[in-house]
Amino acid sequence: MASSSALRELQRELEAKANDLSKIQKDISKNHQVRKKYTIQLGENELVLKELDLLSEDANVFKLIGPVLVKQDLAEARANVRKRIEYISAELKRLDTTLQDLDEKQNSKKETMLKLQQRAQSLQAGKAKA
Amino acid sequence: MHLVLFFPFLFGLFPDDVQVQCVLTDFLTSEKMEEAAKGKGTVTSLSSLFPVEDAQKAAKRLQDSIAERQPMLDQLGGFVADNASLINLVRRLPDHLHHDIMVPFGKAAFFPGRLVHTNEFLVLLGEGYYAERTSRQTLEILKRRGMALDSQVDSLNAMLDDLKLEASFLDATASEAAEGLVEIREDYAEETSSEKESEPGPRKQASSSSSGTDFTKVADEDEEFARIASRMDELEKEELEAENEAVSLEQTKDEFAAESYDESDEDEQVEADLHQYSDHKSLHQNVKFSEKAMSRKPPELTEDGIAANKESFTDQLSCLGLTVQPIAKVQDRSSHGNILASDVKSSSGKALVAPQVHNAQAVDLPRSQEVPLQSSKPEFDGQKAFTGSIIERTHNLRTTSREQTTTTSQSSGSQPPKPVSRFKMQRK
């Protein structure tokens, strides 16, 4: 009787761990998507900056804000884009670190799950024998 | 015959096995097996290293990722085409002061209109930034964009190619594991060069009888091997730069004495290949060279390799003749009820060498008499190791020429009725 209750507890624990693991995996995939988006934005911004750098000083630059085009200073536009690139890079770095964290967590969770499974199995085997 | 090397692009999947492994079937396998039987190395079945299901799973995953990337590639192709047509349009627009066009109005309607200021463009640079540009400047921007797109397409294509190769390789691995290939590792020990010279001429008798069956047997595997070998070359070259620093690391990882293992084992196996496949010589040579480069480039590389090649060319027939003798031995052994596989198992894992040799010779007299034939094999034997007792060798060497005639006749007599791969025989 005691062994069966222990087994039940183990199974409950295992379930909880599995839930945690799936949550972490969801987080990781979400993180990946965000990362992808940021990488694309970074590429676009870099392209823009390159083009802006190639423009001559007297060129007219506009920024589309909502439905209207607003004339902007070229230097200002460059500064803005540079800042944006910086921000995106920082964000990417942050995402990388969180991703690493999540990976580690995932691995540790997997290990604990494996251990739990083994224990449950051994318990079950013992029960079958008895 | 196969020579399959597992390269680091696989190591992601099997990270705990970082050594370069050689897998050879048919002749080399059984030759090795025989040596392994004498306690020189270990033999593990490939399926235990890479389970069939796992390999298949990995291949399937790769296929999935390939399918995932295909639409991306198509999209990029669409972008490239759009960009090209836009470049054409922008180039043509300033040719006239104005163009009569149909202006889209809403989704359904058009009305006639006229394009003026045909040399003024408001170009979207991205991220909501627009710039006023002339046609010429716009063209420059568009061309730069086209280049960026092209580079993206190229990288995606390269990735796809890589994935495809990996997938096909994994498929091959899976099928090989299913077939029951074995992987052989063995230590390398110096052999005295005097044994190189001990290879006498009269080996050519058996060559004609054996070579026919050999080649038909390996013909189909040959193609695949060539494909893999060429791919290996590519990868080797790519990795060589990166690997140069990593060599030391890899060597420390190597559980065997890395230097001796890499140089000797692979080299000798590849060189043995040279004898079997003179038609694939260049390929093998490439493999060999890259291998050598990876494993620290021994100084004797050039002369040695060239010499070996020359010899292999001239002695090709005799070498083929040589390969027959192990067959005879195997058949001998299996008929004695002395199953080789068990021999291998017993010896694998044991680092001891000499005792095994003694043992084998004590147990089986005919086999012991054939040992000299192996030890006095041609050039590539020079790099193989015979760490067994010298006394027996010298004794055997003396008998070599005498034994030859008997064994060759024996082998040519016994082989035709049993054209089974020795390797397969041993598996039974």
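First to last, the protein sequences are chains A and W. Numbered according to the UniProt record's numbering, the first sequence spans residues 1 to 130. Numbered according to the UniProt record's numbering, the second sequence spans residues 1 to 428. Every residue gets a Cβ at the ideal spot worked out from N, C-alpha and C, and that includes glycine. Computed from a predicted model, the values in this text were never measured in an experiment.
By DSSP, does residue i sit in helix, in strand, or in coil?
i, result
"A109 (chain W)", "strand"
"E186 (chain W)", "strand"
"F169 (chain W)", "helix"
"D100 (chain W)", "strand"
"V123 (chain W)", "strand"
"E111 (chain A)", "helix"
"F50 (chain W)", "coil"
"L139 (chain W)", "helix"
"A131 (chain W)", "strand"
"Q11 (chain A)", "helix"
"L89 (chain W)", "helix"
"G41 (chain W)", "strand"
"L99 (chain A)", "helix"
"L54 (chain A)", "helix"
"L181 (chain W)", "coil"
"V153 (chain W)", "helix"
"V81 (chain A)", "helix"
"V70 (chain A)", "strand"
"V61 (chain A)", "strand"
Taking only the alpha-carbon atoms, compute the straight-line gap between residue i and residue j and give it to the nearest angstrom.
i, j, result
"R231 (chain W)", "S47 (chain W)", "23 Å"
"T42 (chain W)", "L181 (chain W)", "14 Å"
"K23 (chain A)", "L99 (chain A)", "14 Å"
"residue 516 (chain W)", "K127 (chain A)", "What is shown of chain W runs 1 to 428, which leaves residue 516 (chain W) out entirely."
"I101 (chain W)", "L160 (chain W)", "43 Å"
"V123 (chain W)", "G77 (chain W)", "22 Å"
"residue 465 (chain W)", "L156 (chain W)", "This structure cannot settle anything about residue 465 (chain W), because the visible part of chain W is limited to 1 through 428."
"S5 (chain A)", "A16 (chain A)", "17 Å"
"P71 (chain W)", "D101 (chain A)", "32 Å"
"P112 (chain W)", "H98 (chain W)", "13 Å"
"L170 (chain W)", "F225 (chain W)", "14 Å"
"I228 (chain W)", "A174 (chain W)", "14 Å"
"K57 (chain W)", "D73 (chain A)", "56 Å"
"D58 (chain A)", "A81 (chain W)", "32 Å"
"N81 (chain A)", "Y87 (chain A)", "Rather than Asn, the amino acid found at residue 81 (chain A) in this sequence is Val. Cα-Cα distance, rounded: 10 Å."
"N19 (chain A)", "K30 (chain A)", "16 Å"
"I40 (chain A)", "G106 (chain W)", "31 Å"
"I65 (chain A)", "E111 (chain A)", "51 Å"
"I87 (chain W)", "Y129 (chain W)", "20 Å"
"A79 (chain A)", "L69 (chain A)", "18 Å"
"T97 (chain A)", "S89 (chain A)", "13 Å"
Excluding the 5 residues flanking residue i on each side, which residues of the same chain have their C-beta closer than 6 Å to its C-beta?
i, result
"F121 (chain W)", "R133, T138"
"N119 (chain W)", "P94, T134, S135"
"S56 (chain A)", "none"
"T44 (chain W)", "E183"
"R35 (chain A)", "L95"
"A109 (chain W)", "none"
"L92 (chain A)", "Y38"
"L54 (chain A)", "none"
Taking a contact to mean a Cβ-Cβ separation below 8 Å, would you say residue i touches residue j in this structure?
i, j, result
"N45 (chain A)", "R12 (chain A)", "no"
"A177 (chain W)", "A59 (chain W)", "no"
"E68 (chain W)", "V48 (chain A)", "no"
"R119 (chain A)", "L10 (chain A)", "yes"
"L123 (chain A)", "L7 (chain A)", "yes"
"L52 (chain A)", "L116 (chain A)", "no"
"L95 (chain A)", "Y38 (chain A)", "yes"
"K63 (chain A)", "A75 (chain A)", "no"
"L163 (chain W)", "S65 (chain W)", "yes"
"Q25 (chain A)", "Q106 (chain A)", "yes"
Can you name, in chain order, every residue of its own chain whose Cβ lies under 7 Å from the Cβ of residue i, other than the five neighbours on each side?
i, result
"N83 (chain W)", "L142, R145, G146, L149"
"N60 (chain A)", "K71"
"L115 (chain W)", "H98, H99, I101"
"Q63 (chain W)", "A167"
"Q152 (chain W)", "L76"
"A131 (chain W)", "V123, L125"
"P67 (chain A)", "none"
"P104 (chain W)", "F110"
"K50 (chain A)", "none"
"K109 (chain A)", "K17, D20, L21, I24"
Starting from the C-beta of residue i, find all residues in its chain whose C-beta is less than 8 Å away, skip the five residues before and the five after it, and write them out in chain order.
i, result
"F79 (chain W)", "L149"
"H96 (chain W)", "T118"
"E53 (chain W)", "none"
"I28 (chain A)", "L99, L102, D103, Q106"
Consider the C-beta atom of residue i and the heavy atoms of the ligand FAD; say whether any pair is separated by less than 7 Å.
i, result
"A59 (chain A)", "This structure simply doesn't include the ligand FAD, nor any ligand for that matter."
Where the stretch 137 to 170 of chain W meets chain A: residues whose CB sits under 7 Å from a CB there:
Answer in chain order: I141, A148.
With 9 Å as the limit, tell me which residues of the stretch 117 to 135 of chain W have their beta carbon closer than that to any beta carbon of chain A; keep them in chain order.
Cβ contacts with chain A come from L122, V123, L124, L125, G126, E127, G128, Y129, Y130, A131, E132, R133.
Listed in chain order, which residues of the stretch 65 to 92 of chain A have Cβ atoms closer than 9 Å to some Cβ of chain B?
Of the protein chains in the structure, A and W, none is chain B.
In the stretch 27 to 49 of chain A, which residues sit with their C-beta less than 7 Å from some C-beta in chain W, listed in chain order?
Hits within the stretch, in order: E44, N45, L47, V48.
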